[in-house]
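*Asks:* According to the UniProt record's numbering, the sequence shown is numbered sequentially starting from 1.
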Amino acid sequence: MMGGGGGGGGGQMQQISQEIEQMDQEIEAIENEIESLRQEKTEADEAIEAIETLESGSTVQVPVGGDAYIRATVDDIDEIVVSLGGGYAAERDQEGAVSSLETKKETLDDRIEDLQSEIAEVETEKEELEQQAQQMQQQQMQQMMQQQQEEQGDDE
Numbered sequence: 001m002m003g004g005g006g007g008g009g010g011g012q013m014q015q016i017s018q019e020i021e022q023m024d025q026e027i028e029a030i031e032n033e034i035e036s037l038r039q040e041k042t043e044a045d046e047a048i049e050a051i052e053t054l055e056s057g058s059t060v061q062v063p064v065g066g067d068a069y070i071r072a073t074v075d076d077i078d079e080i081v082v083s084l085g086g087g088y089a090a091e092r093d094q095e096g097a098v099s100s101l102e103t104k105k106e107t108l109d110d111r112i113e114d115l116q117s118e119i120a121e122v123e124t125e126k127e128e129l130e131q132q133a134q135q136m137q138q139q140q141m142q143q144m145m146q147q148q149q150e151e152q153g154d155d156e
């Protein structure tokens, strides 16, 4: 009968262990998303630098896919198409394009902050579960020691 109760505790420990593992996976997924957002932010920075540096008549290398590039001349730096998100894009002048990209970077920063807060929350929950598991292990050890003492007392 006592063994059955101990088995129940083991099941609970296994459940906690699985929850901790799921939390680790969740944290890893969030960290990957943050890395992807940081990459997007870097690309926006590079685009801003190019827009601010280039002039009409500049020669540039334009990617055509498959790591292939063609040489092209910028006809008009004040005709920049900028993605607005959701499949929409708009033509902007140089200043408007930079402004749109800066806004995009701010949005990415906000999203990164939200995700970092999410990681902190999951880590706090994980720590609580780890403490709970540790307490359960200590209780199981105490119960085992008590049983051993009782059994030794019965033997005498």
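From the three backbone atoms N, C-alpha and C, an ideal C-beta is built for every residue, glycine too.
Since we're looking at a predicted model, the values are computed, not measured.
1) Bridge partners of residue 65, per DSSP?
2) Are the beta-carbon atoms belonging to residue 27 and residue 98 less than 8 Å from one another?
3) Output the distance between the C-alpha atoms of residue 11 and residue 119, rounded to the nearest integer angstrom.
4) Excluding the five sequence neighbours on either side, which residues of its own chain have a C-beta within less than 6 Å of the C-beta of residue 41, listed in chain order?
5) Give the list of continuous beta strand (DSSP E) stretches no shorter than 3 residues that lie fully inside the region 19-97.
6) Does the beta-carbon distance from residue 101 to residue 74 come in below 8 Å?
*Replies:* This is what the structure gives:
1) Indexing the sequence shown from 1 puts residue 65 at position 65. Beta-bridge pairing links residue 65 to 68.
2) For the purposes of this step, residue 27 is taken as the residue at position 27 of the sequence shown. For the purposes of this step, residue 98 is taken as the residue at position 98 of the sequence shown. Not closer than 8 Å, so no.
3) Position 11 of the sequence shown, counting from 1, holds the residue named residue 11. Position 119 of the sequence shown, counting from 1, holds the residue named residue 119. Here the C-alpha atom of residue 11 lies approximately 27 Å from the C-alpha atom of residue 119.
4) Numbered from its first residue, the sequence shown carries residue 41 at position 41. Hits under 6 Å: 105 and 108.
5) Within the region 19-97, the complete beta strand (DSSP E) segments of 3 residues or longer fall at 59-65, 68-73, 80-85 and 88-92, listed in chain order.
6) For the purposes of this step, residue 101 is taken as residue 101 along the sequence shown, with counting starting at 1. For the purposes of this step, residue 74 is taken as residue 74 along the sequence shown, with counting starting at 1. Contact flag unset, no.
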